[in-house]
Amino acid sequence: MRRAVTLGPKSTLSNSTSRSASLSFSNCLFPTLKDRATLLRGLSGEEAALQLSCRHPFPNQTGTMQNERLFNQSGFYGFVLQSNVLLHRQAAVVATEKLGGWLAEQPGNPAVRILDLACGGWPASIAAVMANHPHTQFHYSGMDINPDQVALASGHFEFPENVASRQILEGNAWDPLRHGIRGQFDLVYSGMNLHHGTPEELAFLAEELSVLIRQGGLFISHDVYRPDHTPYVRRPDANPQKPDESWQLVPPDLLKRKAAAQSLQFDSTPAAWREDYLAVTHAALLDRGADRPGADETARHMRQRDFPVSCSDFQDIFNDAGFTVEICRFDEPNEPLSPYISLCTARPR
Ligand SMILES: C[S@@+](CC[C@H](N)C(=O)[O-])C[C@H]1O[C@@H](n2cnc3c(N)ncnc32)[C@H](O)[C@@H]1O
Numbered sequence: 621m622r623r624a625v626t627l628g629p630k631s632t633l634s635n636s637t638s639r640s641a642s643l644s645f646s647n648c649l650f651p652t653l654k655d656r657a658t659l660l661r662g663l664s665g666e667e668a669a670l671q672l673s674c675r676h677p678f679p680n681q682t683g684t685m686q687n688e689r690l691f692n693q694s695g696f697y698g699f700v701l702q703s704n705v706l707l708h709r710q711a712a713v714v715a716t717e718k719l720g721g722w723l724a725e726q727p728g729n730p731a732v733r734i735l736d737l738a739c740g741g742w743p744a745s746i747a748a749v750m751a752n753h754p755h756t757q758f759h760y761s762g763m764d765i766n767p768d769q770v771a772l773a774s775g776h777f778e779f780p781e782n783v784a785s786r787q788i789l790e791g792n793a794w795d796p797l798r799h800g801i802r803g804q805f806d807l808v809y810s811g812m813n814l815h816h817g818t819p820e821e822l823a824f825l826a827e828e829l830s831v832l833i834r835q836g837g838l839f840i841s842h843d844v845y846r847p848d849h850t851p852y853v854r855r856p857d858a859n860p861q862k863p864d865e866s867w868q869l870v871p872p873d874l875l876k877r878k879a880a881a882q883s884l885q886f887d888s889t890p891a892a893w894r895e896d897y898l899a900v901t902h903a904a905l906l907d908r909g910a911d912r913p914g915a916d917e918t919a920r921h922m923r924q925r926d927f928p929v930s931c932s933d934f935q936d937i938f939n940d941a942g943f944t945v946e947i948c949r950f951d952e953p954n955e956p957l958s959p960y961i962s963l964c965t966a967r968p969r
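When we follow the working numbering, the leftmost residue of the sequence shown carries the number 621, and every step to the right adds one.
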């Protein structure tokens, strides 16, 4: 049963447009830990067969991401999502408005084709955005690299009733064109994934998006962005503890654009903004009732894998790929991570 709930804190934007964030937000989109036990049941044979047919080969890149414990069905990410430390609810509010503005420009009331990159097992924010536009029909395609998350999203996640069709594919969301995504989309959404990529990988994705998003369409990214004017910390190309485990998200020979030579080196000097981001996340999780092992595991994953570009880097990269960019920064006094999270939109020029 669906229940409308009021989103918690007020959502404010840097352009000082303030709104009381009260939208229809289905509780079941953020399953409680008790609900998660139900979600762990196995898939039916038919569902499993469907997933098998959607599976695409993927080279030994991205390291542990394919079976990262944090994101598995029994992993801790469900708590992270539900605790809202990463501002998923605020992202849903702002993305609902962005989509509303975009829909108002479209003649008639067309069905909207959505691609959700690195959708995870609980695509809660984008599902809330679709639910908040109940008079529009959506065709939803999700992609994730973790088979466990694909199973959860396709087998158990409850999508809103106005989602006319859905398919969840297993594949690399940094190179969707080579991993089974075909056709053009009105909207591509990406939540909490871009912060794993290097600027060159992001430029590669932006070029693929310019093919995948139809003229007049929209890209929405809710993600971690390091504050502008802070030093960039580059992701290592391989796991420093296991040098033969590659962390590259796109095969390097496909990358056209190379970063300036000096920034290609991984620099292990701690950056103050990054230490603060990690400490604040850990403290916020504990403060919202996380158990210590869960908070520790999340912070460990973030230390290993989170190397975000800034919003102005995003803007430069997407401008170069032919997009016009808008940036919404969150200004939430009660949300400790608000300096590190933004919602960026990009439209093909
Ligand atoms: C932090 S979760 C984000 C889930 C959801 N989009 C959200 O906003 O909460 C990151 C997801 O990205 C997936 N992922 C990581 N690397 C990926 C890749 N190269 N391709 C596709 N999915 C990937 C993980 O399996 C995980 O489900």
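Where is the CB? At the ideal position from N, CA and C, for every residue including glycine.
Small disclaimer: the values here were computed from a predicted structure and weren't measured.
Around the beta carbon of Thr-944, fewer than 16 other beta carbons lie within 10 angstroms, which makes this residue exposed. By the 16-neighbour rule on beta-carbons within 10 angstroms, Asn-729 is exposed. Closest option to Arg-786, judged by alpha-carbon separation, among Trp-794, His-776 and Asp-907: His-776. Residue pairing by DSSP places Leu-735 opposite Ser-761 and Val-808 in a beta bridge. Residue range 819–832 is occupied by the alpha helix (DSSP H) that includes Val-831. Counted as a single uninterrupted DSSP element, the beta strand (DSSP E) harbouring Pro-968 occupies residues 961–968.
DSSP places Phe-839 within a strand segment (E or B) once states are collapsed to three.
With a cut-off of 8 angstroms on Cβ pairs, the stretch 708–721 is in contact with the stretch 833–843, counting three or more such pairs. Remark: fewer than three beta-carbon pairs, one from each stretch, lie closer than 8 angstroms, so the stretch 863–874 and the stretch 929–949 are not flagged as touching.
Between ligand 1 and the CB of Phe-805, the shortest heavy atom gap is not smaller than 6 angstroms. The beta carbons of Phe-927 and Arg-834 sit no closer together than 7 angstroms.
Under the three-state reduction of DSSP, Leu-789 is assigned to strand.
The continuous stretches of alpha helix (DSSP H) do not include Phe-943, which lies in the beta strand (DSSP E) extending over residues 943–949.
Arg-733 and Ala-915 have their C-alpha atoms spaced approximately 36 angstroms apart.
Trp-893 is positioned such that its CB atom lies closer than 7 angstroms to that of Arg-846.
If you compare the alpha carbons of Thr-901, Arg-923, Phe-696 and Phe-938 with that of Val-853, the shortest gap goes to Arg-923. Going by DSSP, Glu-865 is part of the beta strand (DSSP E) stretching over 862–866. For the set Phe-950, His-755, Asp-933 and Val-700, the Cα lying nearest the Cα of Leu-963 is the one of Phe-950.
A direct Cα-to-Cα measurement between Pro-780 and Pro-860 gives close to 42 angstroms. Per DSSP, the continuous alpha helix (DSSP H) segment holding Gln-710 begins and ends at 708–725. The closest heavy atom of ligand 1 lies less than 6 angstroms from the beta carbon of Asp-764.
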